[in-house]
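Note that this note's numbering gives residue 166 to position 147 of the sequence shown, counting from 1, and the numbers run on in steps of one. Ideal Cβ placement from N, Cα and C applies to all residues, glycine included.
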Amino acid sequence: MTISENRLSSPTAETIGKFVAIVGDKNALREPDEQAPYLTEWRDRYEGKTPLVLRPATVAEVSAILKLANETKTAIVPQGGNTGLVGGQIPNKEGTEIVLSLTRMNRIRSVDPQEFSITVDAGVTLAEIRKAADDVDRLFPLSLASEGSCQVGGNLATNAGGVHVLAYGSARQLSLGLEVVLANGDVWSGLRKLKKDNTGFDLKHLFIGSEGTLGIITGAVLQLYPKPAHSLTAFAGLPDLDAALDFFEHARSKLGPALTAFELLPRIGLDFVIRNMEGARDPLEAHYPWYVLIEHSGPEKEEDAIGIIESLLEISIGENIIKDAVIAQSQSQSLALWNLRDRMSEAQKPEGGSIKHDVSVPIALIPEFIARAAPVVESIIPGARPVPFGHFGDGNIHYNVSQPRDMSKDEFLANWEKLNEAIYALVTSLNGSISAEHGIGQMKQDLMARTKSPEELTLMRAIKASLDPNGILNPGKLL
């Protein structure tokens with residue numbers, strides 16, 4: 020039981036009326052058809068109910084909502100773009116929790132190219148931030164497949180990773196300052212642009228990755244970077260999985276910090292994308308069991324960068340580390356190669372049910388993890404089809420498993436918890452993490468007690484009790 024969980028109460032008609040008055044009738048959604056987009060996530064694994072979806076437009080409105088919620092012991096579920104994959108943004112099935120959507124808080128407050136920073140509302144989409152940076156010849160490197168709809172408040176609340184963690188770090192490393200509304204309605208304004216501020220606790224790190232359980236992020240100052248003079252994409256076929264590790268060591272040694280992405284794709288995943296996603300095609304003539312997508316970004320002239328990439332690929336082919344490769348010759352070709360990676364999750368839907376694991380292990384142990392996981396899957400669900408892919412360069416593998424062709428979806432998905440247990444046990448034995456970038460939400464809440472030490476859990480619960488003593492913020496999630 021979470022702290023003060025038993026103190027929460029269903030909002031009365033009077034309380035609901037007070038919430039509606041804060042944002043106005045137009046932005047307090049009560050009809051089922053209006054609420055529907057806020058009550059389920061895209062995989063249809065989690066679905067909830069709510070008496071009210073509130074859509075505030077200002078920090079003052081968020082503050083007033085939380086002040087009232089704290090006084091009336093009403094549970095609040097913060098929601099950004101609703102792209103989360105562990106159910107952290109979905110209310111309970113009892114309909115006792117109010118959804119607070121940040122969608123209308125979508126202002127880019129300022130862009131400061133000299134300070135290499137951008138200050139935004141929490142509801143601004145990742146794509147809008149990347150474009151605003153690009154417009155002033157700067158780069159915001161956080162890049163996700165859902166960037167057109169995910170919002171930066173949610174990215175920060177879940178410490179989103181993406182394909183460029185290898186070079187730039189996760190959302191945590193890209194945040195300079197935050198604005199947060201606390202459970203009692205107080206507003207902490209920490210929107211600082213400083214790179215160095217050694218004056219006690221760095222409070223922003225409490226809220227980044229806390230999944231809306233400690234406060235609601237309403238604004239952020241984000242770190243921008245110089246825009247690379249070039250960005251080259253290459254796609255290579257590998258003879259086996261061990262070669263991926265050898266190729267990564269070669270690429271990191273030769274490209275250094277200019278190696279901005281190193282993504283692993285299996286042949287089965289590529290087949291799914293080509294079969295199920297319109298316009299996708301095989302980049303290489305022959306088929307290989309594994310592929311790597313790499314990105315090289317830096318200040319060099321493009322012709323010099325091409326020479327560096329060609330040298331890396333030629334040496335790697337000569338040493339039989341890779342079998343074949345192609346370098347994108349245009350922006351459209353680069354997008355086509357990235358499309359193969361970005362649509363890999365989506366391409367699994369037409370194949371039936373998919374049991375997913377967002378895990379990380381030490382990079383050197385990725386081949387061992389994938390090799391040991393395959394017989395585990397086969398022993399639990401004979402004929403199931405593992406589709407491991409993801410961010411090899413930072414150790415994050417999305418170990419997805421598609422259903423057998425001759426099994427019903429319901430029968431397959433009934434094995435979700437059993438397979439999770441087995442895969443997570445393997446990950447833990449390799450000193451890995453059961454959640455690399457998607458968070459805990461409600462999906463992995465029970466696993467926290469088995470993967471965190473008692474001391475860690477005690478500290479986290481103490482922080483929760485201090486900042487949200489009535490337990491109104493996203494109850495039943497994370498802890």
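In the DSSP assignment, Asp343 forms a beta bridge with Gly256.
Taking all protein chains in view, the Cβ of Glu338 is surrounded by fewer than 16 other Cβ atoms within 10 Å, so the residue is classified as exposed. Fully enclosed alpha helix (DSSP H) runs of no fewer than 4 residues occupy 385-399 of the stretch 375-407, in order along the chain. Of the residues assessed, Pro401 falls on the exposed side of the cut-off, its CB having fewer than 16 other CB atoms within 10 angstroms. With contacts defined as CB atoms closer than 9 Å, Tyr244 and Tyr187 qualify as a contacting pair. Beta-bridge partners assigned by DSSP to Asp131: Ser136. Note on geometry: alpha-carbon atoms of Leu332 and Gly167 lie some 33 Å from one another. Per DSSP, Tyr418 lies in no alpha helix (DSSP H) segment; the continuous beta strand (DSSP E) that holds it begins and ends at Asn415 to Ser421.
Between Trp435 and the set Gly414, Phe411 and Ala403, the nearest pair of CA atoms involves Ala403. Ser82: member of the alpha helix (DSSP H) spanning Val78 to Thr91, first to last residue. By the neighbour-count criterion, in which 16 or more other beta carbons inside 10 Å mark a residue as buried, Glu456 falls on the buried side.
Assignment of Ile95 by DSSP, reduced to helix, strand and coil, places it in the strand class. Boundaries of the beta strand (DSSP E) harbouring His315: Trp309 to Gly317, taken from the DSSP string. Only residues of its own chain outside the window of five on either side were considered, and among them Ser208, Leu210, Thr237 and Gly238 have a CB closer than 6 Å to the CB of Glu198, listed in chain order. In the DSSP assignment, Ile453 falls outside any beta strand (DSSP E) and carries neither an H nor an E.
DSSP, read as helix, strand or coil, puts Glu440 in helix.
Every unbroken stretch of the alpha helix (DSSP H) spanning 4 or more residues and falling wholly within the stretch 318-373 is given here in chain order: 321-337 and 350-361.
Between the stretch 305-320 and the stretch 276-296 there are three or more inter-stretch CB-CB distances shorter than 8 Å, so the stretches are counted as touching. Burial of Asp487 is indicated by the presence of at least 16 other C-beta atoms within 10 angstroms of its C-beta.
Taking a 10 Å sphere around the C-beta of Glu80, we find 16 or more other C-beta atoms and assign the residue as buried. Here His224 is exposed: its Cβ has fewer than 16 other Cβ atoms, across all protein chains shown, within 10 Å. Counting only unbroken stretches of 3 or more residues, the beta strand (DSSP E) elements lying wholly within the stretch 218-276 are 234-242 and 249-257, in sequence order. Phe281: member of the beta strand (DSSP E) spanning Leu278 to Pro285, first to last residue.
For Glu53, the enclosing alpha helix (DSSP H) covers residues Pro51 to Gln54.
In terms of CA proximity to Leu492, Ile117 leads the group Val406, Val130, Ile117 and Ile389.
Comparing alpha carbon positions, the residue from Glu147, Leu158, Ser454 and Leu85 closest to Gln133 is Leu158. The beta carbon of Leu303 sits closer than 6 Å to those of Gly256 and Asp343, all from its chain and outside the five residues before and after it, given in chain order. Separation of Ser29 and Ile459 (C-alpha to C-alpha, rounded to the nearest whole angstrom) is 25 Å. Nearest in C-alpha terms to Gly495, of all of Asp52, Arg49 and Lys112, is Lys112. Exposure of Phe220 is indicated by the presence of fewer than 16 other C-beta atoms within 10 angstroms of its C-beta. Residue burial annotation: Thr69 is buried, with at least 16 other C-beta atoms found within 10 angstroms of its C-beta. Residues Gly414, Leu449, Asn450 and Gly451 of the same chain have their beta carbon placed closer than 8 Å to that of Pro381, with the five preceding and five following residues left out of the count. DSSP places Ser485 inside the alpha helix (DSSP H), whose first and last residues are Pro473 to Leu486. The residues Leu121, Gln170, Gly172 and Gly173, in chain order, have a CB closer than 6 Å to that of Gly99 in the same chain once the five nearest residues on each side in sequence are set aside.
Using a Cβ distance threshold of 9 Å, Ala151 and Leu175 do not count as a contacting pair. Its chain contains Thr252, Phe254, Pro302, Leu312 and Ala347 as the residues whose beta carbon lies nearer than 7 Å to that of Leu356, once the 5 sequence neighbours on both sides are disregarded; these appear in chain order.
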